[in-house]
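Number of protein chains: 4
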Amino acid sequence: MAIYTATLHLNEDLGFTGMTMAKIAKEAGIATGTLYVYFKNKHELINSLYLYLKKQKAKNILYELNLNQPYKALFKSLFISSIANAIADFRESAFLEQYYRSPFINESVKIEGMQPFTPIFQIIEEAKKDLVIKDVDTAYIFSCLNGLLNEFTKSMKENQISWNESSQQIMFDMLWGSIKN
Amino acid sequence: MAIYTATLHLNEDLGFTGMTMAKIAKEAGIATGTLYVYFKNKHELINSLYLYLKKQKAKNILYELNLNQPYKALFKSLFISSIANAIADFRESAFLEQYYRSPFINESVKIEGMQPFTPIFQIIEEAKKDLVIKDVDTAYIFSCLNGLLNEFTKSMKENQISWNESSQQIMFDMLWGSIKN
Amino acid sequence: MAIYTATLHLNEDLGFTGMTMAKIAKEAGIATGTLYVYFKNKHELINSLYLYLKKQKAKNILYELNLNQPYKALFKSLFISSIANAIADFRESAFLEQYYRSPFINESVKIEGMQPFTPIFQIIEEAKKDLVIKDVDTAYIFSCLNGLLNEFTKSMKENQISWNESSQQIMFDMLWGSIKN
Amino acid sequence: MAIYTATLHLNEDLGFTGMTMAKIAKEAGIATGTLYVYFKNKHELINSLYLYLKKQKAKNILYELNLNQPYKALFKSLFISSIANAIADFRESAFLEQYYRSPFINESVKIEGMQPFTPIFQIIEEAKKDLVIKDVDTAYIFSCLNGLLNEFTKSMKENQISWNESSQQIMFDMLWGSIKN
DNA sequence: CATGAATGAGCTTTCATTCAT
DNA sequence: AATGAATGAAAGCTCATTCAT
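Keeping their order, the protein sequence lines are chains A, B, C and D.
Heads up, the first sequence stops at 652 in the working numbering, and the numbers go up one at a time, no gaps.
Heads up, the second sequence stops at 652 in the working numbering, and the numbers go up one at a time, no gaps.
Heads up, the third sequence stops at 652 in the working numbering, and the numbers go up one at a time, no gaps.
Heads up, the fourth sequence stops at 652 in the working numbering, and the numbers go up one at a time, no gaps.
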């Protein structure tokens with residue numbers, strides 16, 4: 472939707488602070504008032520966009536994921552496609568990161584945003600049971616996945632890490648080293 | 472300084488957006504105008520606080536670090552004291568994370584904020600040379616350190632991970648698994 | 472326009488210093504924010520009003536001026552209608568005089584404000600060529616016109632000089648005495 | 472006095488609006504609080520400076536004026552020394568002009584500022600009685616003197632009129648043409 | 001007398017939101 | 001549904017003035 476695209480674009484250029492309703496409307500090529508036809512207020516627009524991005528992201532990562540492969544390969548697919556998705560649109564990461572610390576977020580939206588990623592939690596649980604990855608609380612595993620994903624993405628955005636077969640292998644090796652049993 | 476403390480406190484409660492000069496002043500127990508005696512404008516206040524926190528952090532982590540120990544022990548000291556420092560004041564992490572995406576940041580401040588951490592980069596370089604950790608671009612190593620640090624801290628803040636000998640060991644094992652040669 | 476009228480009114484009562492955006496809006500019967508719909512900022516509002524008044528003034532003075540009359544009659548028409556225009560709205564003179572010394576003025580606006588008065592300069596040049604008025608730099612002639620205009624207007628505002636056939640004759644005689652050849 | 476000089480200097484550079492107590496103090500090389508040792512408030516500082524300048528001006532013009540000369544020569548002395556005084560320090564004119572339209576002025580100060588100039592009014596009265604200048608209300612005569620003085624001074628400041636024997640003669644001829652009988 | 005840090009009322013400006021069209 | 005002019009609360013910031021030293 473044009474409004475979502477405009478919001479992401481503006482967030483990239485001006486940050487959460489500079490992202491006004493007037494500018495979003497202008498960027499989307501509509502009148503300010505029209506925004507309020509589609510969203511009750513700014514709060515709702517931001518929250519909707521958040522959930523939209525989360526769902527989109529889950530879909531992109533999980534849609535073509537082949538579950539019938541060894542765990543190590545499965546985790547590699549998962550991790551690499553997550554990074555691929557993030558660098559495909561840095562604007563999304565920029566938005567999600569700021570949203571997380573914004574006054575717009577609330578517990579229920581946070582939970583709703585997690586929902587589409589439940590398959591990943593299931594995979595982690597099974598891999599733990601099969602002794603392929605460390606048998607520690609899932610929070611640790613998830614922190615590794617997320618932490619490395621975020622920082623590798625940032626480094627790639629700042630051109631400190633490139634994006635090719637070799638770098639993918641390095642990044643996954645690091646992830647695997649941290650979680651494998 | 473009272474102004475810094477007030478700003479961090481407010482940021483924790485209301486986020487970057489809700490952090491107004493009037494509220495900072497009130498929280499610090501001074502008049503609005505007094506803020507402008509110490510800082511030319513909001514921009515400068517935020518940037519000063521950023522650099523102050525960065526220096527403080529580097530000092531806390533590096534001050535008592537014993538450099539005469541095997542690399543693995545050295546990295547453990549470094550990583551665990553980084554987390555300890557972060558959870559000692561979650562407000563600092565909350566601020567630093569938002570600052571990074573704010574319209575206040577600029578390249579020169581970013582570089583100035585990195586300066587106090589140069590000893591860590593040197594340690595990484597040496598450890599690579601001695602074949603103790605992976606011989607990959609430092610950006611990869613640094614991403615592991617930072618990424619795991621950030622996410623573990625977040626999980627601890629949300630009480631998904633506890634803070635004790637055992638959890639410290641798990642967290643460091645994960646870091647070490649990701650970077651060791 | 473209501474905003475212009477309100478600004479002039481306020482300037483008369485409170486001077487340039489007391490002329491706040493809030494008061495202008497209130498006087499004009501609109502909200503403060505509305506001022507910023509029409510003018511980017513106070514600077515632009517003041518400059519727009521200046522140029523508006525200058526153009527208006529030139530139009531009033533020159534519109535019905537009959538160019539086919541002897542020079543002396545022409546100068547009388549010009550001078551008397553200038554004074555008439557000034558006393559018709561003392562607020563305009565009060566504004567223009569303060570604008571000239573304000574931080575709002577700049578060279579380009581000054582020049583733009585002069586433009587509508589070029590016909591007067593042409594008349595002066597021709598009268599000099601025909602030896603009707605003194606053949607001195609136009610700056611001298613213009614100073615006489617302006618200086619007497621300003622001071623006579625002030626005196627009339629303070630009721631030291633009245634406004635009738637007889638006073639008009641005295642004032643013009645003084646002007647003519649100063650510039651005639 | 473250093474405070475007066477600083478105020479005039481600042482007024483020239485920044486105008487009445489940009490002339491803050493802090494800046495005056497800094498320019499004068501003293502502390503802000505010290506200004507309030509010498510003047511009850513800004514209002515009084517400005518008014519004092521006004522009266523000081525008026526007295527100074529009257530003294531400069533009238534001090535060495537030789538009253539035993541024909542009226543025409545007397546008026547020339549008066550007019551030329553007035554201009555000389557004005558161009559000696561344009562800052563004074565700039566201040567006086569703005570003061571006149573400021574919220575600081577009041578009727579009693581205005582009258583007090585006129586006092587030192589009474590000799591000039593007497594000269595005008597006598598010249599009228601002796602039929603040397605026009606027998607019209609003194610307001611007309613005074614307007615001529617003041618109006619031409621102001622505008623000639625402005626033109627000289629903007630380098631449209633030079634300052635020498637010849638220009639002095641032109642300017643006085645214009646004044647005399649306007650008031651002579 | 002002299003200081004200058006501290007004050008807070010009041011200024012300019014922004015922006016989410018409304019509503020008549 | 002779509003518009004965009006109008007709103008006014010609230011933001012960042014200034015500055016005449018005070019007062020403890």
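Yeah, the Cβ is synthetic: ideal placement off N, Cα and C, and Gly gets one too.
Bear in mind the structure is a predicted one, so any value in this text is a computation, not a measurement.
Start and end of the alpha helix (DSSP H) containing residue i?
| i | result |
| --- | --- |
| phenylalanine 566 of chain B | 561-571 |
| threonine 488 of chain A | Unbroken run through threonine 488 of chain A: none, as it is neither H nor E. |
| phenylalanine 643 of chain A | 636-650 |
| methionine 585 of chain C | 578-585 |
Please classify residue i: does DSSP put it in a helix, a strand, or coil?
| i | result |
| --- | --- |
| isoleucine 604 of chain B | strand |
| lysine 497 of chain B | helix |
| lysine 526 of chain D | helix |
| lysine 513 of chain A | helix |
| methionine 627 of chain A | helix |
| alanine 502 of chain A | coil |
| isoleucine 595 of chain A | helix |
| asparagine 518 of chain A | helix |
| tyrosine 611 of chain A | helix |
| asparagine 537 of chain D | coil |
| proline 590 of chain B | helix |
| serine 633 of chain A | coil |
| phenylalanine 546 of chain C | helix |
For residue i and residue j, what's the separation of their Cα atoms in angstroms?
| i | j | result |
| --- | --- | --- |
| arginine 572 of chain D | threonine 488 of chain C | 10 Å |
| lysine 600 of chain C | aspartate 606 of chain C | 7 Å |
| phenylalanine 643 of chain C | alanine 598 of chain D | 21 Å |
| serine 564 of chain B | threonine 503 of chain D | 41 Å |
| asparagine 617 of chain D | isoleucine 594 of chain C | 25 Å |
| threonine 589 of chain B | glutamate 583 of chain B | 11 Å |
| leucine 536 of chain D | tryptophan 647 of chain D | 18 Å |
| leucine 520 of chain A | lysine 497 of chain A | 18 Å |
| glutamate 578 of chain C | glutamate 629 of chain D | 12 Å |
| lysine 526 of chain B | lysine 625 of chain A | 22 Å |
| leucine 481 of chain A | asparagine 531 of chain C | 49 Å |
| leucine 506 of chain B | lysine 494 of chain C | 28 Å |
| serine 637 of chain A | lysine 513 of chain C | 59 Å |
| glutamine 631 of chain B | phenylalanine 566 of chain A | 25 Å |
| glutamine 640 of chain B | lysine 581 of chain A | 30 Å |
| glutamine 586 of chain C | alanine 499 of chain B | 56 Å |
| glutamate 596 of chain D | lysine 543 of chain D | 14 Å |
| asparagine 556 of chain A | threonine 609 of chain A | 23 Å |
| phenylalanine 561 of chain B | alanine 529 of chain B | 16 Å |
| tyrosine 570 of chain C | alanine 473 of chain C | 19 Å |
Would you mind giving the Cβ-Cβ distance between residue i and residue j, rounded to the nearest angstrom? I have them listed as a contact below 8 Å.
| i | j | result |
| --- | --- | --- |
| isoleucine 551 of chain A | methionine 627 of chain A | Going by Cβ atoms, the distance from isoleucine 551 of chain A to methionine 627 of chain A rounds to 12 Å, so no, they are not a contact pair. |
| methionine 645 of chain B | isoleucine 650 of chain A | 7 Å |
| leucine 516 of chain C | threonine 478 of chain C | 7 Å |
| serine 614 of chain D | glutamate 568 of chain C | Wrong, their Cβ atoms sit about 15 Å apart, outside the cutoff. |
| asparagine 518 of chain D | phenylalanine 575 of chain D | 6 Å |
| serine 553 of chain B | leucine 620 of chain B | 5 Å |
| leucine 602 of chain A | asparagine 539 of chain A | Between asparagine 539 of chain A and leucine 602 of chain A the Cβ distance is about 19 Å, and since that is not below 8 Å, they are no contact. |
I want to verify the contact list: residues of chain D whose CB lies under 7 Å from the CB of residue i, in sequence order.
| i | result |
| --- | --- |
| leucine 607 of chain C | Before going further, note that residue 607 of chain C is valine rather than leucine in the sequence given. Residues of chain D passing the Cβ test: Ile641. |
Sorry if obvious, but does the Cβ on residue i come closer than 8 Å to a heavy atom of the ligand COA?
| i | result |
| --- | --- |
| phenylalanine 561 of chain A | With respect to small molecules bound, the structure shown includes none, and the ligand COA cannot be examined in it. |
Taking C-beta pairs closer than 9 Å, name the residues in chain B that residue i reaches, listed in chain order.
| i | result |
| --- | --- |
| methionine 645 of chain A | Lys605, Val607, Tyr611, Ile612, Ser614, Cys615, Gly648, Ser649, Ile650 |
Mind listing the chain C neighbours of residue i? Cutoff is C-beta to C-beta under 9 Å, in chain order.
| i | result |
| --- | --- |
| glycine 500 of chain D | Within chain C, no residue comes near glycine 500 of chain D; the closest Cβ sits about 24 Å away, beyond 9 Å. |
| isoleucine 632 of chain D | Asp608, Ala610, Tyr611, Ser614 |
So residue i contacts chain C; which residues on that side make the cut at Cβ distance below 8 Å?
| i | result |
| --- | --- |
| threonine 488 of chain D | Phe487, Thr488, Ser573, Pro574 |
Using the beta-carbon of each residue, which ones in chain A are nearer than 8 Å to residue i?
| i | result |
| --- | --- |
| asparagine 621 of chain B | Gly618, Asn621, Glu622 |
Closer than 8 Å by beta-carbon distance: list the chain D residues that pair up with residue i, in chain order.
| i | result |
| --- | --- |
| glutamate 563 of chain C | Chain D residues near glutamate 563 of chain C: none, gap ~13 Å exceeds 8 Å. |
Mind pulling the chain A residues with CB within less than 9 Å of residue i?
| i | result |
| --- | --- |
| glutamate 596 of chain B | Simply none; closest approach about 15 Å. |
Which chain C residues are close to residue i, counting only those with a beta carbon under 7 Å from its beta carbon?
| i | result |
| --- | --- |
| serine 626 of chain D | Ala610, Ser614 |
Which bits of chain A does residue i rub up against, with CB to CB less than 7 Å?
| i | result |
| --- | --- |
| glutamate 568 of chain B | Arg572 |
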